[in-house]
Structure formats: C-alpha cells, structure tokens
Amino acid sequence: MSEEMATIKDMPNNDYFLSGHGACPGCGVAIAVKNIMRILGPDTTVYVPASCLIVFSALYPTSAFRNPFLFTAFENTGAVITGIKAAQRRRGVQGNVVGFAGDGGTFDIGLQAMSGAAERGEDVLYVCLDNEAYMNTGIQRSGATPFGAWTTTSPVGKVRQGKRQMKKDIMDIVIANQPAYAATLSIAHFSDFIKKVDKAKRMKGFRFLHVLTPCVPGWKTESIRSVELARLAVETGMWTLYEWEFGEARSTYRPKEMRPVTDYLMPQGRFRHMSKDDLNLLQRWLCEKWYYHYGHEVEQPVCHINHEEKPMHFDGDPLHGV
Ligand SMILES: Cc1ncc(C[n+]2csc(CCOP(=O)(O)OP(=O)(O)O)c2C)c(N)n1
Ligand code: SF4
Numbered sequence: 010m011s012e013e014m015a016t017i018k019d020m021p022n023n024d025y026f027l028s029g030h031g032a033c034p035g036c037g038v039a040i041a042v043k044n045i046m047r048i049l050g051p052d053t054t055v056y057v058p059a060s061c062l063i064v065f066s067a068l069y070p071t072s073a074f075r076n077p078f079l080f081t082a083f084e085n086t087g088a089v090i091t092g093i094k095a096a097q098r099r100r101g102v103q104g105n106v107v108g109f110a111g112d113g114g115t116f117d118i119g120l121q122a123m124s125g126a127a128e129r130g131e132d133v134l135y136v137c138l139d140n141e142a143y144m145n146t147g148i149q150r151s152g153a154t155p156f157g158a159w160t161t162t163s164p165v166g167k168v169r170q171g172k173r174q175m176k177k178d179i180m181d182i183v184i185a186n187q188p189a190y191a192a193t194l195s196i197a198h199f200s201d202f203i204k205k206v207d208k209a210k211r212m213k214g215f216r217f218l219h220v221l222t223p224c225v226p227g228w229k230t231e232s233i234r235s236v237e238l239a240r241l242a243v244e245t246g247m248w249t250l251y252e253w254e255f256g257e258a259r260s261t262y263r264p265k266e267m268r269p270v271t272d273y274l275m276p277q278g279r280f281r282h283m284s285k286d287d288l289n290l291l292q293r294w295l296c297e298k299w300y301y302h303y304g305h306e307v308e309q310p311v312c313h314i315n316h317e318e319k320p321m322h323f324d325g326d327p328l329h330g331v
C-alpha cells in the first residue's frame, strides 16, 4: 500500500472531478469534491443524490466525474451506496464506494438511510457536504442551518428573525452507530483535510466525513471569501475539527484562542439582521460547545463578550442584504 498522505505535497496530481462544471465561483462543495476525488482516485464509484452537486456536475448525458457514477433520488444515499457495494462484492470488484450528499440529504431527508447504513456497518464512505441549507432548491432551512441564519423558510420579519433552533449535531448521531471512522473537515485546514480523507479511504466499514462547504449565494457573501469563512468558522468555534475512531473522539486542531462569533458572522448577509440578544445567545452556546470539544486546554473562550457593548458591524456586500 502507498505511503500515507500528510501534507499538500503528497496530494496526487490527477483530477477525477474535472473543470467545466457549473458551480458558482468559490463554491465550497466544488472545492471539497475536487480534492476528495484526487485522494480517492480512479478505483472509486461515486453516488450523488439530488443536490447542488448533481445539478452543477452531472446534467445528463454529461458528467464532471471521470469515475463510474450514479444518481437516483434525494433521500437514499445510505441505501444506494450499500447496494453498489453489495453488487461489487457479488462481482468480485475491488474499490471504494463514496456517496456525496448535502446537509438536507443527510441531516433531514436522508437521515434514515444514512443511519441504517451506519448501524449495519456497511463498507462505504459517506461524505456530507454541509452548506447549511437546501441550496439547490432556493435556500430553505435544514437541520444544519445555524441559529439566527436567514433562509427563505426562516425569514426575517417582525415576529421572527431567522432560524430559531441551534444547528443539529449530526456527528453525535453518526457516532451513536459506532462507525469505523467519523471526522469533521474544513477546506481551510488542508493538511488536516488530506489526512482524514486518506485515512477514510484506507479503512473498511462505515466511514463518515462531514465537510463545511461555504455557499456564496446561500450565505450572502463573496466568492473570494469561502476559504476565509471556513477558517473563521473554526477560529470562532462555529466548526470544530475532530475525528472519532476506536470509540474515542480526538480534536485534530485547536485554535489558540476563541474569536468572537461576530468575526465569522460579519461577512455573511444571512446573519445581518441578528439582534444583540440573539448574538449573545449564540455566543453562549458556542462557549458550551468549545468546552465540550476542547475542554480547558486552550485559553478561556470569549464567553464574557456582551454584544450590546460591541454592536456588530457588517462589511458584506450591501447588495446581498437580506
Ligand atoms: C423526497 C424529495 N424531497 C424533495 C426533493 C426536492 N429537492 C431536490 S434537491 C433538494 C435540496 C437539496 O439540499 P441539500 O441536500 O442540502 O443539498 P444542496 O442543494 O444544498 O447541495 C430538494 C429539496 C426531492 N428531490 N425529493
Ligand atoms: S448555490 Fe452554493 S452550493 Fe450551490 S453551486 Fe452555488 S455556491 Fe455551490
């Protein structure tokens, strides 16, 4: 078996997800899939359910994937990748089977199929491309949408301001099934990204990768900020980098200190309306999450920040206002 990948220099040069697709410039999904496919390589069968990825990469009869590729319905990624693997076993075919599903297709509509595949310990790789809403159909809220975010189904008005629930912890649900491997990934922390994809590729059993994939129109931001936002998500605690293996969770990157959540929210029009009370609520929730993941091994989180004293100043494009 080839050497394990540790840095960007170890990345293979061959692309299996080709340019010429129709993703928005700066799309986090496209960045994640291109790099995951480079690592997974040619002996990989790909399944994509209804999502942005299917729309921008595989309009019949074309496909941006160089690999064997399937597409059926929205809610069944866990079931279809199970079936592909069973067919491979029967035919004596080697190689990885990967499903790339959105957060809507994983947290909500595909949850049962994903959970079933995890619980049965199917020998497949499940990648959740989390852009935090149903983007392909016009930015509807999902279980992955963060607290306070505007979407077309969590609108901003006099009665309510954006989504009222906190983001669902899908990793906890996956881990409850005792998978072979589960990890969170960021497109801004690339060595960590490479190691986790390479590790998942080499393992057997149910493997789950959860990638934060910034979305330009859905987050009401600019194309050039996708990687920066992925980084800020980690620095503010909105996203935590860890892996779960052999019954234990291990954080793979710890920020030196916690930045205030407004650093992450500011460049995104979807949060522009947030009240000071909501900002404080989100900040407090993040502090709990920070301790949950990092314990007390890093400097104190900025739980003391009172957003009443520090009003949020948005520097996003005013044309993308909500
Ligand atoms: C059972 C079912 N419900 C709804 C739809 C319509 N639909 C297709 S794609 C999609 C949104 C996909 O959202 P997500 O999984 O988050 O992926 P994204 O588009 O954000 O990449 C919806 C609602 C469908 N195809 N099938
Ligand atoms: S809408 Fe969002 S997820 Fe869909 S292609 Fe554009 S940037 Fe990517």
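Just so we're aligned, residue 10 is where the sequence shown starts under this note's numbering, counting upward by one. Just so it is clear, CB atoms sit at the ideal spot from N, CA and C, and this is done for glycine as well. Just so it is clear, the structure is predicted and the values come from calculations on it, not from any experiment.
- Burial state of Ser-72 is buried, judged by a 10 Å Cβ sphere holding 16 or more other Cβ atoms.
- DSSP places Val-165 in no beta strand (DSSP E); its state is neither H nor E.
- With contacts defined as CB atoms closer than 8 Å, Ile-40 and Ser-235 qualify as a contacting pair.
- Tyr-143 sits in a strand when the DSSP states are folded into three classes.
- From the listed residues Ile-196, Pro-276 and Asn-186, the smallest Cα separation to Phe-255 is found for Asn-186.
- Contact between the stretch 89-109 and the stretch 134-153 is established, with three or more Cβ pairs separated by less than 8 Å.
- Here Val-225 has Cys-33, Pro-34, Gly-35, Cys-36, Glu-231, Ser-232 and Ser-235 as same chain residues with Cβ atoms under 8 Å from its own Cβ, once five neighbours each way along the sequence are excluded.
- For Val-42, the enclosing alpha helix (DSSP H) covers residues 37-49.
- CA-CA distance, Ala-209 to Asp-181, rounds to 18 Å.
- Here Ile-17 is exposed, its C-beta having fewer than 16 other C-beta atoms within 10 Å.
- In this model, Leu-62 and Val-38 are separated by some 7 Å (Cα to Cα).
- For Val-106, the uninterrupted beta strand (DSSP E) segment begins and ends at 105-111.
- Between the alpha carbons of Ala-258 and Asp-178 lies a gap of roughly 14 Å.
- In the structure shown, the three-state DSSP call for Cys-33 is coil.
- Its Cα nearest to that of Val-57, the residue Leu-79 stands out among Phe-74, Leu-68 and Leu-79.
- For Gly-130 and Thr-91, the gap between their C-alpha atoms comes out near 10 Å.
- Ranked by Cα distance from Gly-119, the first of Ser-60, Ala-158 and Gly-157 is Ser-60.
- Of the candidates Thr-162, Phe-156 and Tyr-190, Phe-156 places its Cα closest to the Cα of Val-270.
- Environment of ligand 2, chain-ordered: Ala-32, Cys-33, Gly-35, Cys-36, Gly-37, Val-38, Ala-39, Cys-61, Phe-65, Asn-140, Met-144, Asn-145, Thr-222, Cys-224, Val-225, Pro-226 and Gly-227, taking every residue with Cβ within less than 7 Å of a heavy atom.
- Nearest in C-alpha terms to Asp-132, of all of Gly-29, Met-267 and Arg-98, is Arg-98.
- When DSSP reads this structure, Val-136 sits in a beta bridge with Phe-109 and Leu-218.
- In its chain, beyond the 5 residues on either side, Pro-264, Met-267, Arg-268, Asp-272 and Tyr-273 have a beta carbon closer than 8 Å to the beta carbon of Glu-244.
- For Asn-289, the closest of Cys-312, Phe-280, Lys-298 and Ala-242 by C-alpha to C-alpha distance is Cys-312.
- Of Val-42, Arg-281 and Lys-298, the smallest CA-CA separation from Trp-159 is found for Arg-281.
- Runs of alpha helix (DSSP H) with 4 or more residues, each lying fully within the stretch 189-239, are found at 199-211 and 225-228, listed in chain order.
- Taking the Cα of Val-42 as reference, the smallest distance to any Cα among Trp-299, Leu-250, Tyr-303 and His-219 is reached at His-219.
- Counting along the chain, the unbroken beta strand (DSSP E) around Val-55 starts and ends at 53-56.
- Fewer than three Cβ pairs drawn from the stretch 140-155 and the stretch 194-206 lie within less than 8 Å of each other, which leaves the two stretches out of contact.
- At least 8 Å separates the beta-carbon of Ile-148 from that of Gly-31.
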